[in-house]
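Student: So the protein sequences, as listed, match chains A and B.
Using my numbering, count along the first sequence one by one with no gaps and you end on 463.
Using my numbering, count along the second sequence one by one with no gaps and you end on 1463.
One structure follows; several queries about it will come next.
Protein chains: 2
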Amino acid sequence: MHIAIIGGSDAGISAALRARELDPNVDVTVVVADRYPNFSICGIPYYFSGDVKPWQSLAHRTSADLEATGMSLRLDTLATRIDVAGRNLEVRDTVGTTSLIGYDELIVGTGAVPSSAGIVGLDELGPEDGVHVLHSMGDTFALDRHLDERTPRTAIIIGAGYVGLEMAEALSVRGIHVTQLQRGPEVLSTLDPELGALIHTELTRHGVEVVTDSKVASVTRGPDGLTVAGTHLGQPFERTADLVLAVVGVVPNTSLLVDAGARLGAGNAVMVDETMRTGLPNVWAAGDGVITHHRLLGLTYLPLGTTSHKQGRIAGENALGGSARFAGSLGTQAVKVFDLVAARTGLREHEAVAAGFDPISATAAADDHKAYFPGSHPITIRITGNQSDHSLLGAQMVGTYGTEVSKRIDTYATAIHHGMTVEAISELDLSYTPPLGSPWDAVQIATQAWTRSTTQRVVSAAV
Amino acid sequence: MHIAIIGGSDAGISAALRARELDPNVDVTVVVADRYPNFSICGIPYYFSGDVKPWQSLAHRTSADLEATGMSLRLDTLATRIDVAGRNLEVRDTVGTTSLIGYDELIVGTGAVPSSAGIVGLDELGPEDGVHVLHSMGDTFALDRHLDERTPRTAIIIGAGYVGLEMAEALSVRGIHVTQLQRGPEVLSTLDPELGALIHTELTRHGVEVVTDSKVASVTRGPDGLTVAGTHLGQPFERTADLVLAVVGVVPNTSLLVDAGARLGAGNAVMVDETMRTGLPNVWAAGDGVITHHRLLGLTYLPLGTTSHKQGRIAGENALGGSARFAGSLGTQAVKVFDLVAARTGLREHEAVAAGFDPISATAAADDHKAYFPGSHPITIRITGNQSDHSLLGAQMVGTYGTEVSKRIDTYATAIHHGMTVEAISELDLSYTPPLGSPWDAVQIATQAWTRSTTQRVVSAAV
């Protein structure tokens, strides 16, 4: 039995590890486009901030660790064609030599590639011009070289999502003046604007110049540096800096599977079922290149490292003949921005409306632990519940680093996983000790506040 | 409608707040034995450590806050008799005057009292002798006076449970040499000894002298101070110190309800059903004086502040005519001891065996966040699962303060609440960002390790 796997990031490596864990006799070959399998792409901003060094420590596991599990790595090898009928994978090495890898089962984890969001110039300008994206170790080395050799003093970051915010912090920490451009009305658009505003304030407090409602049309290179042009609140807007980092999302990297006959679904990602089958015989796929089964939304596209790990693990198990099923994402995410942490799980109100729910939301502030014990901070918590049956649909939190926001969101994620009502959250037996909580934990104080503020008559806590 | 409530601690005040929240027209009278309603008894050790000052800040709410909600407080008033048939509560004030309070519904939250665990001398010696317990603000003031006026240099703490450990830290921080005596083989006997040993090492590292396997028989007062005598590993043992603090558990305070005809159950606590009915007409009870409905154990006695809050809230709602039901405890607890935090939820192996399960346990270490980001620490996690159906029965954790142990235990608590299998924990969409987690969170790494180490053949992750 030979499983070939394309992709050395979360999905591919998870699949390979799972297959080898379950069956020490299976042959597993992982085809990796670069020399950097199993690197923590999520950790790259912390390399630039100086928190992580050297860059090698960003590897979840070294190549030697991976090969010690019994998998074979084919590094610097690009998968170029899948011969579904013949069960052959065509690959090309760095000198251009093409060869075939025969397989019994194939798992595709080709991930996603940075989007250029229609911005003119992004496809033409590159690292040599001072225009960067950040999605691979190659991108990392290019930016690192730029920072070392050209010591830019100013940077424009296009985008204020997770990576954009983390990079705003990292570049600011290095003494670079950062202008952060965000298309929408508030940064971190995965949260409601009232919570995003807390992150906005934190950025400003640390010297980042934030320009929301700015639509970037083009990036051009001129004698004074790189010029980003577009509109801000409908008016012409232009800003020049030494360096431009475009982090405006990703698009699924699907060409290999599409050429082989796979179907596309939500977000133009490859359709898979919950077992990670593509529909092509003996071909599985997982990770940022495939659609996401969401427990509340059904089929969507929501690329996240955690999901890639789960999907990859399932593909690895099922390629061996298993029957694992992906239980579905809730879009749980967390990000640290300077001294704050933001987290979310489930749906926000507009997402819930689009999915056919009848949501209502309420925001509360609750101390992370008893205020009498030093170091207590309020956490801002926004709860979205369904008006008809009071099911908990989503939660968003912003709190000071150290207030256990990211693990508190996990309680909500586990609750939504099980379809709990907002009121039933108060039935959970959560831990309490004064330095770390309250008799009603902050997550329960927020759900009780939702009930008080959204219903005329408080309903039973034991609904 | 008039609801009388006996007890100004967690259960009584929670009941009063809930009744007033649900019905602003109901009259609520809370009879409080001392002058300190709604004080955080769990916070007392932090007053002694100096973290909390002044003592008034230990109040969850002031008397004025409470009365602002519309409840009436009868402070310094002891409930002496319940006339069930006549719906009258007899009370006595501090000068000995007896009076009757008529009620429509009565809620009893008389709590528990410190146990003397059969130790000779504990019932006779008191604060004036240098022998203390710690269960009320009165006890707090007595110990405070002792520390201020007599500046003891040495202390013996009998017991190494939550309060005992917190007080070992508090007195050590004040420069007092602490000897901590523990009956069993390891401190913090609510955890398995291999995890308790981590706490033991932490105590020793901070100068606390820990003597396990020590059975205290007597406390006597002599010219050189207080002598605690008994056996250590079967040999005679004696130790003398300036101060003795006995924190060896509590017994439910039930005389009022027993005299009124209530039945006792587990742990000699008052029997109540999930609605907090005592079985006596119009009499409800909640808190440390009543039995605990446990989701895995059925009826038991497990006094915890979090449970008292929940039970009190339910009693307050149902006394008004509601139909709330206590969903059951899982015994979730957390404690900070110097730089470590320990937490647990659900059952340990011997508890699970006693309850008819077929448990097996495994211990793993998992980093609280990606090791490449500064400040990462391994968390020791012990998972207990049922061999027959792989249901998660319990989890115990010990980690450095700051590793979000107490909120990670909540994920397990929520999972056990819903009867999840050990393997299904890997299906949960938990948050990840490198400074605060891993793509598989520590709670998932531990459950995956349980499966690997306890089953011959790894079963599907999607059981």
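All residues carry an ideal CB built from backbone N, CA and C; glycine is no exception.
Keep in mind it's a predicted model, so treat the numbers as computed, not measured.
1) When you compare the CB positions of G287(A) and S9(A), do they come within less than 8 angstroms of one another, or not?
2) Would D429(A) count as contacting chain B if we go by Cβ distances under 8 angstroms?
3) Give, in chain order, every unbroken run of the alpha helix (DSSP H) that is at least 4 residues long and sits entirely within the stretch 1224-1282 of chain B.
4) Report yes or no: is there a C-beta of chain A within less than 8 angstroms of the C-beta of R1092(B)?
5) What separation, rounded to the nearest whole angstrom, lies between the Cα atoms of L256(A) and T80(A)?
6) In chain A, which residues lie with their C-beta within 9 angstroms of the C-beta of K1336(B)?
7) Grouping DSSP H, G and I as helix and E and B as strand, with all else coil, what is M1137(B)?
8) Just the Cα atoms here: how many angstroms apart are Y103(A) and L320(A)?
9) Pick out whichever of L1280(B), T1306(B), N1268(B), V1113(B) has its Cα sitting closest to the Cα of V1290(B).
10) Shorter than 8 angstroms from the beta carbon of H1417(B) to some beta carbon of chain A?
11) Below 8 angstroms, how does it come out for the stretch 189-208 of chain A and the stretch 223-232 of chain A: are there three or more Cβ pairs, yes or no?
12) Going by the beta-carbon positions, is the gap between R1313(B) and S1040(B) smaller than 8 angstroms?
13) Is it the case that the Cβ atoms of V108(A) and L73(A) are separated by a distance below 8 angstroms?
14) What is the rounded straight-line gap between the Cα of D1368(B) and the Cα of A1442(B)?
15) Any contact of the stretch 1156-1174 of chain B with the stretch 1201-1217 of chain B, i.e. 3+ C-beta pairs under 8 angstroms?
16) State buried or exposed for G121(A), treating a residue as buried only when at least 16 other CB atoms are found within 10 Å of its CB.
17) Would you say F1048(B) and L1171(B) are within 8 angstroms of each other, going by their C-beta atoms?
18) Based on the DSSP secondary-structure assignment, which residues constitute the bridge partners of N1088(B)?
19) Take I1119(B) as the anchor and find which of L1330(B), G1196(B), D1242(B), V1131(B) has the nearest alpha-carbon.
20) Mind pulling the chain A residues with CB within less than 9 angstroms of F1039(B)?
21) On a Cα-Cα basis, can you pick out the residue from T345(A), E105(A), G138(A) that is closest to Q322(A)?
22) For V113(A), which of S99(A), L134(A), P434(A) has the nearest alpha-carbon?
23) From the DSSP output, which residues share a beta bridge with H293(A)?
24) Going along the stretch 1285-1319 of chain B in order, which residues come within less than 9 angstroms of chain A, judged by CB to CB distance?
25) Is it buried or exposed for V95(A), if we count other Cβ within 10 angstroms and need 16 for buried?
26) Can you say whether E423(A) is buried or exposed, counting buried as having 16 or more other CB atoms within 10 angstroms of its CB?
27) Would you report the Cα separation of L195(A) and T380(A), rounded to the nearest angstrom?
28) Could you give the first and the last residue of the continuous alpha helix (DSSP H) run that contains R1205(B)?
29) Between the beta-carbon of L1075(B) and the beta-carbon of I1082(B), is there less than 8 angstroms?
30) Please report how far the alpha carbon of L78(A) lies from the alpha carbon of H1294(B), in whole angstroms.
31) Tell me the rounded alpha-carbon separation between A355(A) and A1354(B).
32) Rounded to whole angstroms, how far is the Cβ of M137(A) from the Cβ of Y36(A), which I believe are closer than 8 angstroms?
33) Quick check on this structure: which residue in T1110(B), D1023(B), D1093(B), R1087(B) has the alpha carbon closest to the alpha carbon of G1007(B)?
34) With DSSP as the reference, please indicate the residues paired to V1337(B) in a beta bridge.
35) If the criterion is Cβ atoms closer than 8 angstroms, does the pair P1359(B) and T1384(B) meet it?
36) Decide if D475(A) is buried, meaning its Cβ has at least 16 other Cβ atoms within 10 Å, or exposed.
Tutor: Short version:
1) Contact: yes.
2) At least one C-beta of chain B is nearer than 8 angstroms to the C-beta of D429(A).
3) 1255-1259
4) no
5) Looking at the two C-alpha atoms, the distance is approximately 7 angstroms.
6) T433, P434, P435, L436
7) Helix, per DSSP.
8) Rounded to whole angstroms, the gap between the alpha carbons of Y103(A) and L320(A) is 12 angstroms.
9) N1268(B)
10) yes
11) no
12) no
13) no
14) 6 angstroms
15) The count of Cβ pairs closer than 8 angstroms, one atom from the stretch 1156-1174 of chain B and one from the stretch 1201-1217 of chain B, reaches three, so the stretches are in contact.
16) It is buried - the Cβ of G121(A) has at least 16 other Cβ atoms within 10 Å.
17) yes
18) D1083(B), G1102(B)
19) V1131(B)
20) Simply none; closest approach about 10 angstroms.
21) Gln is not the amino acid found at residue 322(A); the sequence shown has Gly there. For the residues T345(A), E105(A), G138(A), the minimum Cα distance to G322(A) belongs to E105(A).
22) L134(A)
23) L299(A)
24) R1295, L1304, G1305, T1306, T1307, S1308, H1309, K1310, R1313, I1314, E1317
25) exposed
26) buried
27) For L195(A) and T380(A), the distance between alpha carbons rounds to 8 angstroms.
28) 1193-1205
29) For L1075(B) and I1082(B), no; Cβs fall outside 8 angstroms.
30) 57 angstroms
31) 47 angstroms
32) Indeed they touch by this definition, with Cβ atoms about 4 angstroms apart.
33) T1110(B)
34) L1340(B)
35) In this structure, T1384(B) lies closer than 8 angstroms to P1359(B) by Cβ.
36) Here chain A comprises residues numbered 1 to 463, so residue 475(A) is not present and cannot be evaluated.
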